Each structure stands twice: as C-alpha cells, then as structure tokens.
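S.K.: Right, I'll just put the structure down here and ask away after.
Protein chains: 2
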Amino acid sequence: MADVVILGAGMMGSAFSFPLVDAGHAVRLVGTHLDREWIQSVRETGIHPKLKMKLPGTVAPFTHDQLGEALSPSPDLIVLGVNSAGVDWAVQQLGPLLKGPTPILMLTKGLRARENTLQILPVIVRDGLASHGVKNVPVGGVAGPCIAGELAARRDSSVVITYADAKLLDRILGLVAAPYYHARPSTDIVGVEVCAGFKNLYALAVGYPAGLLAKQGEAPDRPRAHNLAAALFAQALGEIRYVVGFLGGKLASVDGLPGTGDLYVTCQGGRNVRIGYLLGTGLRFSQARTEYGSTETIEGAQFALAVGPTMEGLFEQGRLKRQALPLAGAILDAICHDVPLQIPWTAFHREANA
Amino acid sequence: MADVVILGAGMMGSAFSFPLVDAGHAVRLVGTHLDREWIQSVRETGIHPKLKMKLPGTVAPFTHDQLGEALSPSPDLIVLGVNSAGVDWAVQQLGPLLKGPTPILMLTKGLRARENTLQILPVIVRDGLASHGVKNVPVGGVAGPCIAGELAARRDSSVVITYADAKLLDRILGLVAAPYYHARPSTDIVGVEVCAGFKNLYALAVGYPAGLLAKQGEAPDRPRAHNLAAALFAQALGEIRYVVGFLGGKLASVDGLPGTGDLYVTCQGGRNVRIGYLLGTGLRFSQARTEYGSTETIEGAQFALAVGPTMEGLFEQGRLKRQALPLAGAILDAICHDVPLQIPWTAFHREANA
Numbered sequence: 000m001a002d003v004v005i006l007g008a009g010m011m012g013s014a015f016s017f018p019l020v021d022a023g024h025a026v027r028l029v030g031t032h033l034d035r036e037w038i039q040s041v042r043e044t045g046i047h048p049k050l051k052m053k054l055p056g057t058v059a060p061f062t063h064d065q066l067g068e069a070l071s072p073s074p075d076l077i078v079l080g081v082n083s084a085g086v087d088w089a090v091q092q093l094g095p096l097l098k099g100p101t102p103i104l105m106l107t108k109g110l111r112a113r114e115n116t117l118q119i120l121p122v123i124v125r126d127g128l129a130s131h132g133v134k135n136v137p138v139g140g141v142a143g144p145c146i147a148g149e150l151a152a153r154r155d156s157s158v159v160i161t162y163a164d165a166k167l168l169d170r171i172l173g174l175v176a177a178p179y180y181h182a183r184p185s186t187d188i189v190g191v192e193v194c195a196g197f198k199n200l201y202a203l204a205v206g207y208p209a210g211l212l213a214k215q216g217e218a219p220d221r222p223r224a225h226n227l228a229a230a231l232f233a234q235a236l237g238e239i240r241y242v243v244g245f246l247g248g249k250l251a252s253v254d255g256l257p258g259t260g261d262l263y264v265t266c267q268g269g270r271n272v273r274i275g276y277l278l279g280t281g282l283r284f285s286q287a288r289t290e291y292g293s294t295e296t297i298e299g300a301q302f303a304l305a306v307g308p309t310m311e312g313l314f315e316q317g318r319l320k321r322q323a324l325p326l327a328g329a330i331l332d333a334i335c336h337d338v339p340l341q342i343p344w345t346a347f348h349r350e351a352n353a
Numbered sequence: 000m001a002d003v004v005i006l007g008a009g010m011m012g013s014a015f016s017f018p019l020v021d022a023g024h025a026v027r028l029v030g031t032h033l034d035r036e037w038i039q040s041v042r043e044t045g046i047h048p049k050l051k052m053k054l055p056g057t058v059a060p061f062t063h064d065q066l067g068e069a070l071s072p073s074p075d076l077i078v079l080g081v082n083s084a085g086v087d088w089a090v091q092q093l094g095p096l097l098k099g100p101t102p103i104l105m106l107t108k109g110l111r112a113r114e115n116t117l118q119i120l121p122v123i124v125r126d127g128l129a130s131h132g133v134k135n136v137p138v139g140g141v142a143g144p145c146i147a148g149e150l151a152a153r154r155d156s157s158v159v160i161t162y163a164d165a166k167l168l169d170r171i172l173g174l175v176a177a178p179y180y181h182a183r184p185s186t187d188i189v190g191v192e193v194c195a196g197f198k199n200l201y202a203l204a205v206g207y208p209a210g211l212l213a214k215q216g217e218a219p220d221r222p223r224a225h226n227l228a229a230a231l232f233a234q235a236l237g238e239i240r241y242v243v244g245f246l247g248g249k250l251a252s253v254d255g256l257p258g259t260g261d262l263y264v265t266c267q268g269g270r271n272v273r274i275g276y277l278l279g280t281g282l283r284f285s286q287a288r289t290e291y292g293s294t295e296t297i298e299g300a301q302f303a304l305a306v307g308p309t310m311e312g313l314f315e316q317g318r319l320k321r322q323a324l325p326l327a328g329a330i331l332d333a334i335c336h337d338v339p340l341q342i343p344w345t346a347f348h349r350e351a352n353a
C-alpha cells in the first residue's frame, strides 16, 4: 500500500482516485482554490458533482489551504490533476511544501511556449520546483485515451505512463495497475506530451465537417461528411508526427495510445469537437465562443492561443516548416486571428503520403 | 475527355461515376449479374435504388451481358467496382473481351489467400487476365476513406491512387480529379491493399465496446466505452503496420489515408461495426450473423473466413508472429472458430509502444 496525494479535484484528478483505491492505496484528494465546492460535496456526500459519481469511500478530501496537511507524512507519489492553466499555481503551492524529490505523475498534459520554442509541461514543473530549491524531482506523465467519466465508471482504459528513469517507471506502473486500468511503459516523455497537447488542437478540425453540413442545411438522413473527417484525422496524425520529430520525441508514441488512441477518443465528442462544429457552420472563433456559451476551458483553443504566437515565430524563422503543418496553420489562423477556418486541401496534397 | 467503363454497379462503382462525369468523361456503367435491377432502374429513372440517388444523366447503363458492347470502342480506363467476392467473375468476363492492356483501376480492395500466403487483389487480377492471354495490364487501386454515399453526394473525399508505374499514375490522377475528389499518388500498392483488407477486420473490434455496454445494461446517459474503442483502434493500426511490413509494403500508407484514414471512416458505422457490436453483447459470430438478419456481405467477416486459415498456417510456421497480432488473432478465433470475442489485454501490453 502506498500513500498518494492527488492535487486537483477536477474530473480527471478525482477519477484517478478509482484505480488508486482499487489498487489498495491510501488517497488524499486536494482541491485547488477553484475546486472548493466539489471538495465540500465529497466531504458531505461522497459525490463529486461534476463527475456525477460517488468517489471511493476511503478517499480523504482536502481543500487547497490544507495541502501542507495532506502532504504530511510525505506521500510515495504526488499526482498532478490541475488543468494546464493551473500548472504554475500548482508549482507555487508545492514548491514551499515539498521536503524532497517525491515523484510527480502528471495527468495534466501538453506543451507551453518558452524561450521561443515549445517546452513540455513535465519540464516546466521540474524546473519550477527546482527554482523553489526542490531539486531532482522526477516528473512523469500519463497519456493515452482516457475520458475521466469512463475511468471513474471502471471502464477498461489503456494508457501509457512515462518517466525518463526506467526503474521508477516500473515502480509507478506497478503502483497504478488496476483490473480495468491497463498502463504500459514509455520513456518517450517528449513524444507523449506533444501528442497530448496537439490532439486537442486537431480535434477542433475533426469537428468541423459536421458543422459544414449543418451550414448547408443537410438533413440527418442524407450522407454525412465522414470522408472529410477521416481525411482530417489522418492529416492531423501526420502533422503530429512532424512536430514530435521536430521536438525530438519518438514516432512510436504517435502510432500508439498517446497519439492515435488519444486523438481518436478526443474526436468522439466534447468541447473541442463542439467548437470545431461551430467553426464549420461558418462562425469565426469569437462568435463560436459566444455561441458555445459556457466559460469552460476549450483545451484546443487555449492551446492555440498559448502556443500560436511562438509557432508562428518558428514558421517565420523557418525552424518549423509551415508547409508541413497546413492544418495546424489553418487552425491557428482561425483561433489566433479570428478568420474563418478553411481546409487547405492543396497544401495537404503537396505533403501527403511522403 | 476520356472513355471510362465501370464494371460493377453497386454503391461504390456507381458513386464513382460522379467524379468521372464531373471531370468531363464519358462513363459506361456495367452491372454484374447481381446488379440487374439497379441497372434497370438507372435506365428507367436514372435513380440508383441502393445509393438512393440519381446518377449523372450522361452515365450510360449496361447489363453484364452487354459488357462486350460497353468495351467497344476500347476505353481509356476500366474501373473495377465489384465486391471482393466478385473479382474472379470480373476476370472471367474481361479476359475474353480485352484486346490489349487497358489500365484497370480497382475500387475493390484487399487481399486473398494464395499459395499459403496473402496476395493483394491487383496481382490476382493481373495474373488472372494474363492467364486469358491479356498480358501486362497495369492494375492499380484506390484507397482511403471514401464512403460511397458521400462521394455520390459530392462531399469532399480524399483518397490515394496507386500504380506501380509513376507515369501512368500521374495520368490517372489527372483523369479522376474533381473539385471534391482529392486524389493523391502512391506507388505502394502492397501497403495500400493490406490496409484496405485489414481495416474491415479491425472495425469489428472497434464496434465491440458499445455492445459490451449494452450487455451490461448500461443506460445511454452513463459513461460510454470510448476509452476501450480508442485503445483497440490504436492497437489495430499497430497490427496493420506489422502486416504491411511483413508483406513488403510501406509504413507511410498505414500512417496516411489508406490506413489511419480508412480505418477511421470504417469505424463510424456500417456492417462491420454492427457485427462487432453484436459480438460485444456476448453473441458468437454465428448468432450475430443470424441476429443481424441481412444476407449482405460483412466484409470484415468475409475477409476473416477467406484469409483466416492461411494466417493461422503462417502463425504455426512462425512466419507471421501471432504475438504481434493479438487482436487479429482474437477476431479470427471469433469469426473462424465461432468462440466469443475476448480482448487479449495482456498480449497488447507485451507488444505495445515498442
């Protein structure tokens, strides 16, 4: 039995308590400052209002101001389940409290612009903790197709766990294994994080064709636009492959669960696909955002806004070839410059099937 | 303007008349002996009853006994649109009538067991015609995500055309280009055909998780099993990658439209997914076939029955590694030996993310 602290009590952070508890571990779930109501509800009823499920009874809920308490005694593993915008906050909270290099497992995935290039989040966290004087914290990640609600319903889910250190990786894999949680090892942290970041961006594009049909007033019993969606799906993976190569990751991650698997599951629905649909109806992003209504994070759009300017800089310098990323370029134009999303067919054809 | 004969007036053969006519060509559509009613309907009303659409007015319909008439004068291109079971019939019909090496473009895709290994259909057709004394017929194929009904509705569709000869490939590409039909070149006939054959087999597996939920009595507002479907989707592409390598094709075909794109579109619905769903509910294949009711070809199951014994022989000889194809092995067991389909999780894990 291990002691595990999960920081971040959103959908994914909370869902992750299920395999951990089922594997026999003691779990302390710490909400962020934004999760106060959810932690309150878990305390009172056991039910997570967003996940709409009762968490395992042994999960101990903490509010963010109780993080120090939750971290004492020092746990065997800290799981980071904040959203990508909350990573800096998490580092600021953990930095002063960590007493040593407790391994961190990030459910939060992706990339961020730094020093005119793209940097993966585990490195951001590791460096951030080091600047608080906590050196050599091993930071790894989980990737692959894993919708939180399905994990919490104990549905079979297959993921990849990455750490640079193979021995630690082996230990964490053993720790998280549950009958329905099939985790397999990877040491390709870079490839895995690139896939995780970009899949949200491309899910916007895969949602687009259905919107296009709606704009054309097509009845639901008429032929759909799956051919187009499938072409965009394949193009997306081809472009992710290029970025993974550019940043020094391994193509096997694109082929497997982190790339192919996670893009597939992300395209089955959700906010990114919905915004893509609205772009397909002819709306600009600013209009789609308004039409969508909710203030919830659209991960794909947030990613575009966060890394778009840096990617455009890399395009201009010729370090990243825009002609290798025509679909990403079109999506960045749509999100960052609020122009209608257009499918760049001829650009696809020049790069295709090389 | 070119003269094009399409042999096979099913969904795909008939749909292919749209881009050809829109590209300005004269199209003669020849039904097989099974398509007589459809040809009759096209003659009388222009409407294809199965496609539920009116074909372009300039398409000239012929019944199979008029094939000689349709082939005179000799066309610039013959498009083969029969189903995979009809390939031998088509060769027997064309063999005595062809006067020279008119290029053939196969919409019929896939593989067949021959001489204890797997052989791609274009080679079967080329060799079959040669045995009728018609030598050196260039036989190529179309692959990629292209549902017939969507093509006929002039929806954007992106495909790959393959010929061994780059010059001919270029000519055919120019010939089939229409504003909504985005065709790009490949010389990897083997890779493209392997993808096309195996995608139907794996679509059965991707349909399975929804059936599993139905068996468990899960209500539609409960979490789905997209995580599992996505894991199977990624595993499928990994296994297709292995078979393409085994038969000497190129991995770029798996990454692009023929593999990733076509598997994606095939998993959006249709007969293979439906049978997979029924297997997920716990039925054996024989029961699922009965439950499904229709006598229509289930391409994935037909493929399993056709190549399964040969693949099992290759497994036994150690030429094809069964441990590299655990999902294919499980599907073959389910279809060829009528045992319940089981997801071989642990086998996935041993091979994963190499």
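Protein sequence lines correspond, in order, to chains A and B.
For the first sequence, numbering that gives the first Met the number 0 begins at 0 and goes up steadily by one.
For the second sequence, numbering that gives the first Met the number 0 begins at 0 and goes up steadily by one.
Yeah, the Cβ is synthetic: ideal placement off N, Cα and C, and Gly gets one too.
Computed from a predicted model, the values in this text were never measured in an experiment.
For residue 61 of chain B, write down the residues that DSSP places opposite it in a beta bridge.
M.R.: B/29
S.K.: If you check the beta carbons only, do residue 142 of chain B and residue 257 of chain B fall under 7 Å apart?
M.R.: yes
S.K.: If we ignore side chains and look at the alpha-carbon of each, how far apart do residue 200 of chain B and residue 53 of chain B end up?
M.R.: 32 Å
S.K.: Near residue 82 of chain A, which residues of its chain fall below 7 Å by C-beta distance, leaving aside the five closest residues on each side in sequence?
M.R.: So the qualifying residues of the chain are 9, 107, 296.
S.K.: Let me see if you follow: with CB-CB separation under 7 Å, is residue 75 of chain A close to chain B or not?
M.R.: Taking CB atoms only, residue 75 of chain A has no neighbour in chain B less than 7 Å away.
S.K.: Does residue 191 of chain B pass the burial test, meaning 16 or more other C-beta atoms within 10 Å, or should it be called exposed?
M.R.: buried
S.K.: In three-state terms, what does DSSP make of residue 11 of chain A?
M.R.: helix
S.K.: Do you know how far the Cα of residue 79 of chain B is from the Cα of residue 43 of chain B?
M.R.: 24 Å
S.K.: Can you find a C-beta in chain B that's less than 7 Å from the C-beta of residue 188 of chain A?
M.R.: no
S.K.: Comparing the C-beta of residue 232 of chain B with each C-beta of chain A, is any distance below 7 Å?
M.R.: yes
S.K.: Using a C-beta to C-beta distance shorter than 9 Å, which residues of chain A count as neighbours of residue 226 of chain B?
M.R.: 143, 144, 145, 146, 149, 150, 154, 155, 156, 157, 158, 260, 264
S.K.: Is it right to say residue 309 of chain B is buried, meaning 16 or more other beta carbons lie within 10 angstroms of its own, or is it exposed?
M.R.: The residue in question, residue 309 of chain B, is buried, as its Cβ has 16 or more Cβ neighbours within 10 Å.
S.K.: List the endpoints of the continuous beta strand (DSSP E) containing residue 140 of chain A.
M.R.: 138-142
S.K.: Taking the DSSP output, what are the residues bridged to residue 78 of chain B?
M.R.: B/5, B/104
S.K.: Suppose you measure from the CA of residue 293 of chain A to the CA of residue 176 of chain A; what does that come to, to the nearest Å?
M.R.: Each residue's Cα considered, the two are about 35 Å apart.
S.K.: Select from A/49, A/72, A/38, A/181 the residue whose C-alpha is nearest the C-alpha of residue 58 of chain A.
M.R.: A/38
S.K.: Who does residue 52 of chain B pair with in a DSSP beta bridge?
M.R.: Residue 52 of chain B is bridged to B/47.
S.K.: Rounded to whole angstroms, what's the CA-CA distance from residue 145 of chain A to residue 182 of chain A? Just pull it up for me.
M.R.: 11 Å
S.K.: Of all the residues that make up the region 103-132 of chain A, which are near chain B by a beta-carbon distance shorter than 7 Å?
M.R.: Along the region 103-132 of chain A, none of the residues has a CB nearer than 7 Å to a CB of chain B.
S.K.: Our contact map puts residue 179 of chain B next to residue 232 of chain A with C-beta atoms below 8 Å; I'd like the distance itself, whole angstroms only.
M.R.: In fact, because the Cβ distance is near 18 Å, the residues do not count as touching under 8 Å.
S.K.: Using the DSSP secondary-structure output, state which residues sit across from residue 118 of chain A in a beta bridge.
M.R.: A/111
S.K.: Look at the alpha carbon of residue 68 of chain A and the alpha carbon of residue 288 of chain A, and state the distance between them as a whole number of angstroms.
M.R.: 40 Å
S.K.: Among the residues of its own chain, which have a CB less than 6 Å from the CB of residue 209 of chain B, if the five just before and after it don't count?
M.R.: 276
S.K.: Would you list, in chain order, the members of the region 322-348 of chain A that have their beta-carbon closer than 8 Å to a beta-carbon of chain B?
M.R.: Flagged, chain order: 342, 344, 347, 348.
S.K.: With a threshold of 7 Å between beta carbons, is residue 94 of chain A in contact with chain B?
M.R.: no
S.K.: For chain A, check one thing: does any of its Cβ atoms lie closer than 7 Å to the Cβ of residue 229 of chain B?
M.R.: yes
S.K.: Taking 8 Å as the threshold, find out whether the region 124-131 of chain B comes into contact with the region 159-176 of chain B through three or more Cβ pairs.
M.R.: no
S.K.: Does residue 255 of chain B come within less than 7 Å of chain A when only Cβ atoms are used?
M.R.: Yes, because at least one Cβ of chain A sits closer than 7 Å to the Cβ of residue 255 of chain B.
S.K.: From residue 271 of chain B to residue 318 of chain A, what does the alpha carbon distance come to, in whole angstroms?
M.R.: 44 Å
S.K.: If the cut is a Cβ gap below 8 Å, which residues of chain B does residue 181 of chain A touch?
M.R.: 230, 344, 347, 348
S.K.: Less than 7 Å between the C-beta atoms of residue 31 of chain A and residue 63 of chain A, yes or no?
M.R.: Judged by beta-carbon spacing, residue 63 of chain A lies within the 7 Å limit of residue 31 of chain A, meaning their Cβ atoms are closer than that value.
S.K.: Give a yes or no on whether 7 Å exceeds the smallest Cβ distance from residue 19 of chain A to chain B.
M.R.: no
S.K.: Enumerated in chain order, which unbroken segments of the beta strand (DSSP E) with a length of 3 residues or greater are wholly contained in the region 143-197 of chain B?
M.R.: 156-161, 180-185
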